[in-house]
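Engineer: Got a structure for you, questions after.
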Amino acid sequence: MTKTLKLLSTASLAIVAAGAVAAQDAECPIKVGVLHSLSGTMAISETTLKDTMLMLIDKQNKAGGLLGCQLEAVVKDPASDWPLFAEKARELVSNDAVDVIFGSWTSASRKAVLPVIEELNALYFYPVQYEGEESSKNVFYTGAAPNQQAIPATDYFLEELGVEKFALLGTDYVYPRTTNRILEAYLKSKGIADSDIFINYTPFGHSDWSTIVSDVVALGADGKQVGVISTINGDANIGFYKELAAQGVSADDIPVVAFSVGEEELSGLDTSNLVGHLAAWNYFMSAEGEANAGFIKEWHAFIGDEARVTNDPMEAHYIGFNMWVNAVTAAGTTDVDAVREAMWGQEFPNLTGGTAVMGVNHHLSKPVLMGEIRADGQFDIISSTDPVPGDAWTDFLPDSAVLESDWKDLECGMYNTSTSTCVQLNSNY
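Residue numbers (mature numbering (1 follows the signal peptide of the UniProt record, and there is no 0)): -22 to -1, 1 to 407.
Structure below.
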């Protein structure tokens, strides 16, 4: 009996000591960088993501914090200015000594941050769908890659709606241009002619859509079914959808599938004329289930407004943050290299059901959902898939098809399988 008590006492001391070591490995408070635009053209989308991070941090602190420490949010507003994203990221790491950063919406802002976080060996969680063609050692991509959004949405147009002509409309920056380059190659592989693919780019904040919408309508003059694939970002979407309504274009006439329009963007619009248009995401607020109902309830309680909606990038932050918490717990430290290795294989429940899994290419496995806009600004989920592993490099561009990302075994994000060599370790900026 005495021996047993001594063993239990020794074990208890070991647990306490282990906890003390873990606490020593993290300087309190643990600082979490939040890098989202709270002003400028992207504030319409990013302000909610800042609020989401504050909610998640508050919830974690109420649950006891992390490694014996409370979490502290350090918020910066890069004001929809891409170079300012880089400057603020450097501030967060070098001056504020944050342990991790959650941020960006546009790929332009992420690309601006990349050289800074790779130079300083910081950890960055990016929560929005993007164009792929990237795998940074320092970034975890919790939004969709093209094979988890753009390609399935295009398949839906081809197979379910019988679209024969495509208008690829995007904001003029890296995400739309790269995504449309992938989609153009994909459409041609499906037998769509060059002359049946119309591509147009507009600046951030673009407001005069009359000519462009007229050009899209004119595509269908020969009677072929036209569809719009939209990579328009930010508040430019407001003018685009208003012009569709002004010209009497319904979803039956010319369906639009958007990759950057969700519940938050629609909340500022009269959606009565947009019923039937589509969006492709990995999450919709209308998803049924206890997990999503609980998340929505927590959000409304935190934000103090039951009219506030949830959306896909919010779920991406929810998954990414909780995976980071679990990785830090498993590593027993906030050290970037240790946490990164603990992230591989992390699993966390999706809000739509099933489980998200973090791959060694720093991309999540996620389901693909197609949603149809309702009059109330929500979406009817009209199709969904099993979880699809995110692909860092597309199969539809020849130079990318031979590339693989594996930070665990190959220790490379850009590995050429045809030459069996690591092309480069740093990202293409």
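Glycine included, every Cβ here is placed at the ideal spot set by N, Cα and C.
Comparing C-alpha positions only, which one of Asp387, Ala257, Asn289 sits nearest to Ser361?
Structural biologist: It is Ala257.
Engineer: Going by beta-carbon coordinates alone, are Ala131 and Thr249 separated by less than 8 Å?
Structural biologist: Not a contact, by the Cβ cut-off of 8 Å.
Engineer: Which word fits Thr395, buried or exposed, when buried means at least 16 other C-beta atoms lie within 10 angstroms of its C-beta?
Structural biologist: Label assigned to Thr395: exposed.
Engineer: Taking only three categories from DSSP, how would you classify Leu44?
Structural biologist: Three-state DSSP puts Leu44 in a strand.
Engineer: Among Ile210, Ile170, Ser167, which has the Cα closest to the Cα of Tyr151?
Structural biologist: The shortest C-alpha separation from Tyr151 is found at Ile210.
Engineer: For Pro327, does the three-state DSSP call read helix, strand or coil?
Structural biologist: The answer is strand: DSSP assigns Pro327 an E or B state.
Engineer: So, is Gln402 buried or exposed, given that buried needs 16 or more other C-beta atoms within 10 angstroms?
Structural biologist: By the 10 Å Cβ count, Gln402 comes out exposed.
Engineer: For Tyr179, tell me which candidate among Ile160, Ser208, Ala236, Leu165 has the shortest Cα-Cα distance.
Structural biologist: Nearest C-alpha to Tyr179: Ser208.
Engineer: Assuming Met301 is part of the alpha helix (DSSP H), what are its boundary residues?
Structural biologist: Per DSSP, Met301 belongs to the alpha helix (DSSP H) from 290 to 309.
Engineer: Less than 8 Å separating the beta-carbons of Leu13 and Leu70?
Structural biologist: Against a cut-off of 8 Å, the Cβ pair of Leu70 and Leu13 comes out as a contact.
Engineer: Compare the C-alpha of Pro365 against each of Ala123, Phe135, Leu139 and name the closest.
Structural biologist: The residue with the shortest Cα to Cα distance from Pro365 is Ala123.
Engineer: Hey, how far is the Cα of Ala309 from the Cα of Val303?
Structural biologist: Distance between the alpha carbons of Ala309 and Val303 is about 10 Å.
Engineer: So, helix, strand or coil for Ala(-1), using DSSP?
Structural biologist: Low local confidence applies: a pLDDT of 41 at Ala(-1) is under 50, so the model's placement there is unreliable, with the coordinate-based value given in what follows. DSSP places Ala(-1) in helix when its eight states are reduced to three.
Engineer: Hey, would you say Tyr219 sits closer than 8 Å to Leu197, going by beta carbons?
Structural biologist: It is not a contact, given that the beta carbons lie outside the stated cut-off.
Engineer: When the distance is taken between beta carbons, is Val306 closer than 8 Å to Leu44?
Structural biologist: Closer than 8 Å, so yes.
Engineer: Determine which residues share a DSSP beta bridge with Pro367 and list them.
Structural biologist: Per DSSP, Ser343.
Engineer: Measure from the alpha carbon of residue 413 to the alpha carbon of each residue in Ser343, Leu222, Ser114, Ala379, then state which is nearest.
Structural biologist: Residue 413 falls outside the range modelled here, since the chain spans only -22 to 407, and no answer is possible.
Engineer: Secondary structure at Glu216, three-state DSSP: helix, strand or coil?
Structural biologist: Looking at the sequence itself, residue 216 is Ile, so the reference to Glu does not match. Three-state DSSP puts Ile216 in a helix.
Engineer: What residue from Tyr134, Val287, Val317 has the CA that sits closest to Asn300's CA?
Structural biologist: Checked all of Tyr134, Val287, Val317; the closest Cα to Asn300 is Val317.
Engineer: Note down, one range per segment and in chain order, each beta strand (DSSP E) of at least 3 residues found wholly within the region 68 to 106.
Structural biologist: Those beta strand (DSSP E) runs which fall completely within the region 68 to 106 and span 3+ residues are 78 to 81, 102 to 104.
Engineer: Determine, using beta-carbon pairs with one atom in the region 230 to 237 and one in the region 168 to 184, whether at least three such pairs fall under 8 Å.
Structural biologist: Cβ pair count under 8 Å is below three, so no.
Engineer: Would you identify the three-state DSSP class for Tyr119, choosing helix, strand or coil?
Structural biologist: Strand at Tyr119.
Engineer: From what residue to what residue does the alpha helix (DSSP H) around Leu244 run?
Structural biologist: Here the alpha helix (DSSP H) through Leu244 covers 241 to 244.
Engineer: Tell me, to the nearest whole angstrom, how far the beta carbon of Asn116 is from that of Tyr102; I am working on the premise that it is less than 8 Å.
Structural biologist: Right, their Cβ atoms sit about 6 Å apart.
Engineer: With 16 as the cutoff for other CB atoms within 10 Å, does Asp55 come out buried or exposed?
Structural biologist: Flag for Asp55 reads buried.
Engineer: I'd like the span of the beta strand (DSSP E) that includes Ser361, first residue to last.
Structural biologist: Note, Ser361: beta strand (DSSP E), 357 to 362.
Engineer: Whose C-alpha, out of Leu92, Met263, Thr311, Trp60, is nearest the C-alpha of residue 420?
Structural biologist: In the structure as shown, the chain begins at -22 and stops at 407. Residue 420 is therefore absent and cannot be evaluated.
Engineer: Report the rounded CA-to-CA distance for Arg68 versus Gly11, giving the unit in angstroms.
Structural biologist: Their backbone Cα atoms lie some 11 Å apart in a straight line.
Engineer: State the Cα-Cα distance for the pair Glu382 and Thr333, rounded to the nearest angstrom.
Structural biologist: Whole-angstrom Cα-Cα distance: 23 Å.
Engineer: Taking all protein chains shown into account, decide if Pro181 is buried (16 or more other Cβ within 10 angstroms of its Cβ) or exposed.
Structural biologist: Pro181 comes out exposed.
Engineer: Rounded to the nearest angstrom, what separates Ala(-1) and Leu49 at their Cα positions?
Structural biologist: At Ala(-1), the pLDDT of 41 sits below 50, so the modelled position is not reliable and the matter cannot be decided from this model.
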